[in-house]
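Below you'll find the structure, written out as structure tokens, and then a few comments.
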Amino acid sequence: YTCLSYVWGKSYDEHFEILIEEPDYHRSGTFSVRRNLNDFLEVARIKHHSISLWIDAICIDQDNNQERNHQVEQMGEIYRNATRVFA
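Structural data, given as structure tokens:
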């Protein structure tokens, strides 16, 4: 998998709705993302047609404090085990 390291942006930044449809992914559905992440995903879709991405804002349930805290503790390992990191 490939990790994306990025700045989330300001809470008042423009938001975009994206749809993730992966049958084996437990968080498939519609997600609200900020412009910087939306722009990255548009470029990644063109340049890297089938790439497995780990993006914290999507892969971590941001509404679940317990999961979010646990995943934040694991982020060093998540990035270390990635085949590459986009920053």
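Residue numbering for the sequence shown follows full-length UniProt numbering, beginning at 1 and increasing consecutively. C-beta: ideal position from N, C-alpha, C; glycine also. If you're wondering where the values come from, they're calculated on a predicted model, not measured in any experiment.
Check your understanding: What residue does the alpha helix (DSSP H) around residue 85 start on, and which one ends it?
Key -> To locate residue 85, count along the sequence shown from 1; it is residue 85. Not the alpha helix (DSSP H): residue 85 falls in the beta strand (DSSP E), residues 84-86.
Check your understanding: Would you call residue 58 buried or exposed, if buried means 16 or more other Cβ atoms sit within 10 Å of its Cβ?
Key -> Taking the sequence shown and counting its residues from 1, one reaches residue 58 at position 58. Around the beta carbon of residue 58, 16 or more other beta carbons lie within 10 angstroms, which makes this residue buried.
**Study point:** Per-residue burial, residue 45 [other beta carbons within 10 Å of its own, 16 or more giving buried]
**Key:** The count along the sequence shown starts at 1 and reaches residue 45 at position 45. Answer is exposed; the Cβ neighbour count stays below 16.
Review point. Do residue 40 and residue 1 come within 8 Å of each other at the CB atom, strictly closer than that value?
Key: Residue mapping note: residue 1 aligns to position 1 of the sequence shown, counting from 1. Residue mapping note: residue 40 aligns to position 40 of the sequence shown, counting from 1. In this structure, residue 40 does not lie closer than 8 Å to residue 1 by Cβ.
Check your understanding: Going straight from the alpha carbon of residue 87 to that of residue 4, what length do you get?
Key -> On the sequence shown, position 87 is the one that residue 87 refers to. On the sequence shown, position 4 is the one that residue 4 refers to. Cα to Cα, residue 87 sits roughly 6 Å from residue 4.
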